[in-house]
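There are 2 protein chains.
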Amino acid sequence: MQGRSKEQPHRPRRQRGGVRLADVAAAAQVSAPLASRVLNADPNVRATPETKARVLEAAEQLGYVPNIAAKTLRQQRTGLLGLVVHNLSSPIYLDLLQGARTEAAANNYFLVLGDVDELLTDDEAYRIFINGKRVDGLIVQGGHGEFDQRIAEIARALPTVIVNAPPKSTDTVAPLVAPDEVAATRMLTEHLLALGHARIGLISGPHDSPTNLLREQGVRDALAEAGHTLRDEDTAHLTWSAEAGRAGLRTLAGRWENTRDRPTALIGGNSLIGIGMLRAAAELDIAVPGDLSIAAVHDTWISEHLVPSLTTVSLPLREMGETAVRLLLTDTPRTQRTIISDPPPRLHARASTAIAREH
Amino acid sequence: MQGRSKEQPHRPRRQRGGVRLADVAAAAQVSAPLASRVLNADPNVRATPETKARVLEAAEQLGYVPNIAAKTLRQQRTGLLGLVVHNLSSPIYLDLLQGARTEAAANNYFLVLGDVDELLTDDEAYRIFINGKRVDGLIVQGGHGEFDQRIAEIARALPTVIVNAPPKSTDTVAPLVAPDEVAATRMLTEHLLALGHARIGLISGPHDSPTNLLREQGVRDALAEAGHTLRDEDTAHLTWSAEAGRAGLRTLAGRWENTRDRPTALIGGNSLIGIGMLRAAAELDIAVPGDLSIAAVHDTWISEHLVPSLTTVSLPLREMGETAVRLLLTDTPRTQRTIISDPPPRLHARASTAIAREH
DNA sequence: CTTGCCTGAACAATCGATTTATCATGACCA
DNA sequence: TGGTCATGATAAATCGATTGTTCAGGCAAG
Numbered sequence: 001m002q003g004r005s006k007e008q009p010h011r012p013r014r015q016r017g018g019v020r021l022a023d024v025a026a027a028a029q030v031s032a033p034l035a036s037r038v039l040n041a042d043p044n045v046r047a048t049p050e051t052k053a054r055v056l057e058a059a060e061q062l063g064y065v066p067n068i069a070a071k072t073l074r075q076q077r078t079g080l081l082g083l084v085v086h087n088l089s090s091p092i093y094l095d096l097l098q099g100a101r102t103e104a105a106a107n108n109y110f111l112v113l114g115d116v117d118e119l120l121t122d123d124e125a126y127r128i129f130i131n132g133k134r135v136d137g138l139i140v141q142g143g144h145g146e147f148d149q150r151i152a153e154i155a156r157a158l159p160t161v162i163v164n165a166p167p168k169s170t171d172t173v174a175p176l177v178a179p180d181e182v183a184a185t186r187m188l189t190e191h192l193l194a195l196g197h198a199r200i201g202l203i204s205g206p207h208d209s210p211t212n213l214l215r216e217q218g219v220r221d222a223l224a225e226a227g228h229t230l231r232d233e234d235t236a237h238l239t240w241s242a243e244a245g246r247a248g249l250r251t252l253a254g255r256w257e258n259t260r261d262r263p264t265a266l267i268g269g270n271s272l273i274g275i276g277m278l279r280a281a282a283e284l285d286i287a288v289p290g291d292l293s294i295a296a297v298h299d300t301w302i303s304e305h306l307v308p309s310l311t312t313v314s315l316p317l318r319e320m321g322e323t324a325v326r327l328l329l330t331d332t333p334r335t336q337r338t339i340i341s342d343p344p345p346r347l348h349a350r351a352s353t354a355i356a357r358e359h
Numbered sequence: 360m361q362g363r364s365k366e367q368p369h370r371p372r373r374q375r376g377g378v379r380l381a382d383v384a385a386a387a388q389v390s391a392p393l394a395s396r397v398l399n400a401d402p403n404v405r406a407t408p409e410t411k412a413r414v415l416e417a418a419e420q421l422g423y424v425p426n427i428a429a430k431t432l433r434q435q436r437t438g439l440l441g442l443v444v445h446n447l448s449s450p451i452y453l454d455l456l457q458g459a460r461t462e463a464a465a466n467n468y469f470l471v472l473g474d475v476d477e478l479l480t481d482d483e484a485y486r487i488f489i490n491g492k493r494v495d496g497l498i499v500q501g502g503h504g505e506f507d508q509r510i511a512e513i514a515r516a517l518p519t520v521i522v523n524a525p526p527k528s529t530d531t532v533a534p535l536v537a538p539d540e541v542a543a544t545r546m547l548t549e550h551l552l553a554l555g556h557a558r559i560g561l562i563s564g565p566h567d568s569p570t571n572l573l574r575e576q577g578v579r580d581a582l583a584e585a586g587h588t589l590r591d592e593d594t595a596h597l598t599w600s601a602e603a604g605r606a607g608l609r610t611l612a613g614r615w616e617n618t619r620d621r622p623t624a625l626i627g628g629n630s631l632i633g634i635g636m637l638r639a640a641a642e643l644d645i646a647v648p649g650d651l652s653i654a655a656v657h658d659t660w661i662s663e664h665l666v667p668s669l670t671t672v673s674l675p676l677r678e679m680g681e682t683a684v685r686l687l688l689t690d691t692p693r694t695q696r697t698i699i700s701d702p703p704p705r706l707h708a709r710a711s712t713a714i715a716r717e718h
């Protein structure tokens, strides 16, 4: 047992890199370029069926997987899309993420996560993510003030699609994918009107945010058609959080001096606000839906598990994510604005809304 | 205004690729390799301070960002980590994701999302993600039966860290990062015991799942120390969902024939189950915490907004994500098991638990 | 019998950064 | 003056796949 005492006498030559195209080509007794063309089903390739079969066979045999870095370098295409999220803890946009992820996967793309705050504060991260050619395109959420201002700059460096809310600036810097916000709140309002509510209020996000303007519009439209109006004293505009919903309802309720001069139903600008409103109602001993009906925009997994379960309208977030990816992969004119109207917003009537009681 | 009428008379030679290292080197009047070494702060580089300054200056001036594909090809390192998630809609693991994302970013890494179901069903996606050298390492959630069986295979192909729950198989295939599950439920139980509860039940996930075994152990330990036991008729083991929590409480309540022979407090195996339990209690007119105290594992953003707000114990999910990334970046022996005990689980006492009432 | 065309395939260049090996220059010492 | 050595920098090879160009051979037409 003396000879060959070395422990690693003949490890296969290529240990790290796995199987290369050259290995496949060698096994199939063809050149690397030909193997590449066969494996990529190049329509212009001219090879006998036997040759093709040999190449495919060899690739299968060796478990060949193309090296993505090499492919990327040559083709200037990473197979990655960036998704810049604002607040991942919010349940609202997970569906959007899921939709984007699924559609990306269907095209053999993967998603890389970026964070709004990080990109704003960490220059290094920004450079790597935006300028480093790390991704082929970017999906960003509009409507986040400070970040909106940099979207134009980003869109110049990289194909970009904005989802959800258009930046405030008037010039269109990138294609937009959005839900039919107006239809959504209109639907909620009409639901409440049908239940006999006449005085309906709104607790929503910042008054001048693009999203709020649209959602508020939907409420106003539906009310106007029914001959009613949205009164200033029945609205509160804070942020998009549960805490804001709670504070908003407390503020409104503070104005209610008697049981007659007050709204019988309130709409929450998003599901977090709706949750906060339910909470505030419980704290203030306002019976829902007995004294007050509550409905909100966005249907999330939790809506039906709340007590009482929350009436909502669901936006096609998943489809928005899918569409955003599709637009990204088909380079779209930056002026294009896609409103997802199929499927339309859908009403989920639950226990938090009921027929208006006569005061 | 006739001359120069062409709109794009002299676009710079390199339009697509941006600034290359060669451009920087040329501007600084040095060779590309030297520029590379200076920019990467190679300790072995020998260059005069003036030369270094010139290179750095030129890079800054031109806005040079290294081409990641080229770097990756040469270094066999992508700068990406894969995070394989099971159900992104669940709020529970978002903190883990956030922790991982933050720590990755701090090391100039980015996260790519994979989906358990997709990797199980889509062979192409699996090959690209796992075998394609698309990522340098992988964080996977253990405890998802079918997927667990492939973790060993994955771990052979790629540096891997398992978070949360160990696969059932006894051999350790990759380092593990987990919270102190036993301490968490022990803490909840002790909180209830301190409130005077003596008979405490448990509604949790599948009985033989690794996570449940540990959580149940914590309950049993604390009860035993106080001279009590966990009765079989006070437990239900279904899935980890809100629906299961609801069904679990309904099952248990169905056994309660009089007000004396029943538990005064129940622990939910996770926050979803806790939410379902609150819902079932409301439906069954069981006052919480009057008739029944309810507490659950996992503190999420919603816990404090529920009615009543839910007592929970929070696990250090964020830190787990951070640690998982760190382990991945420092190639760790696969036998290592890291229990995050700093910070320890933390109790959030809220309105759903109260002093036990004498029956 | 040669020219020309088509088929089947190989050759060579390219993507951009890194890294190993090599070369020039000047200082210093014998 | 010649030789050694440290210093400063360059040349060339490499990572692996793709793509434009070229080449050899076979067959048909002139």
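Which chain is which? The protein sequence lines are R and S, in order. In this text, residue positions in the first sequence follow the numbering used here: the first is 1, and each later residue adds one. In this text, residue positions in the second sequence follow the numbering used here: the first is 360, and each later residue adds one. C-beta: ideal position from N, C-alpha, C; glycine also.
- Put simply, of S:R638, S:T594 and S:T689 the residue whose alpha carbon is nearest the alpha carbon of A601 (chain S) is S:R638.
- Counting only residues of its own chain and dropping the five nearest sequence neighbours on each side, L214 (chain R) has a CB closer than 6 Å to the CB of E181 and V182.
- Measuring C-alpha to C-alpha distances from N523 (chain S) to each of S:D690, S:A713, S:G680 and S:D701 identifies S:G680 as the nearest.
- Rounded to whole angstroms, H707 (chain S) and T689 (chain S) show a C-alpha spacing of 34 Å.
- For the pair T235 (chain R) and E216 (chain R), the Cα-to-Cα distance works out to about 10 Å.
- For the stretch 636–663 of chain S, the set of positions with a beta-carbon nearer than 9 Å to some beta-carbon of chain R reads L637, R638, A640, A641, E642, T659, W660, I661 and E663 in chain order.
- For S89 (chain R), the chain S residues whose C-beta falls within less than 9 Å of its own C-beta are P450, L453, D454, Q457, T659 and W660, listed in chain order.
- Distance check between S341 (chain R) and each of R:V45, R:V177 and R:V297 places R:V177 closest, using alpha-carbon atoms only.
- Beta-bridge analysis with DSSP links D474 (chain S) to S:V444.
- Judged by DSSP in its simplified three-state form, H596 (chain S) adopts strand.
- Taking the C-beta atoms as reference points, M277 (chain R) is found nearer than 8 Å to L266 (chain R).
- Flagged as an interface residue toward chain R: D474 (chain S), by a C-beta distance shorter than 8 Å.
- Close to chain S, meaning a Cβ-Cβ distance shorter than 8 Å, are the following residues of the stretch 124–135 of chain R: E124, A125, R127, I128, F129, N131, G132, K133 and R134.
- Less than 8 Å divides the Cβ of G627 (chain S) from the Cβ of G604 (chain S).
- Beta-bridge annotation (DSSP): R705 (chain S) is paired with S:S673.
- Collapsing the DSSP output to three states places I355 (chain R) in coil.
- Scanning chain R for C-beta atoms nearer than 9 Å to the C-beta of N467 (chain S) yields E124, A125 and I128, reported in chain order.
- Pairing A385 (chain S) with V414 (chain S) gives a Cβ-Cβ distance that is not under 8 Å.
- By the neighbour-count definition (other C-beta atoms within 10 Å, threshold 16), D148 (chain R) is a buried residue.
- The beta carbons of T251 (chain R) and S271 (chain R) sit about 20 Å from each other, so the pair does not count as a contact at 8 Å.
- Close to L111 (chain R), with beta-carbon spacing below 8 Å, are these residues of chain S in chain order: V471 and L472.
- A324 (chain R) and I162 (chain R) have their C-alpha atoms roughly 8 Å apart.
- Counting along the chain, S390 (chain S) sits inside no alpha helix (DSSP H), nor does DSSP assign it H or E at all.
- About 7 Å separates the Cβ atoms of R705 (chain S) and V672 (chain S), confirming a contact at the 8 Å cut-off.
- Within a 10 Å sphere around the beta-carbon of Q75 (chain R) sit fewer than 16 other beta-carbons, which makes this residue exposed.
- Counting other Cβ atoms within 10 Å of its Cβ, Q420 (chain S) stays below 16 and is therefore classed as exposed.
- Residue burial is scored here from C-beta neighbours: K168 (chain R) has fewer than 16 other C-beta atoms within 10 angstroms and is therefore classed as exposed.
- V38 (chain R) sits in a helix when the DSSP states are folded into three classes.
- DSSP places V65 (chain R) in the coil class of the three-state scheme, outside both helix and strand.
- For F488 (chain S), DSSP records no beta bridge to any residue.
- In the three-state scheme derived from DSSP, where H, G and I count as helix and E and B as strand, Q500 (chain S) is classed as strand.
- DSSP lists R:A178 as the bridge partner or partners of I339 (chain R).
- At a Cβ-Cβ threshold of 8 Å, G79 (chain R) and N108 (chain R) count as neighbours.
- In this structure, DSSP gives L80 (chain R) an extended state, which the three-state scheme calls strand.
- For the pair D495 (chain S) and A69 (chain R), the Cα-to-Cα distance works out to about 12 Å.
- Assignment of I200 (chain R) by DSSP, reduced to helix, strand and coil, places it in the strand class.
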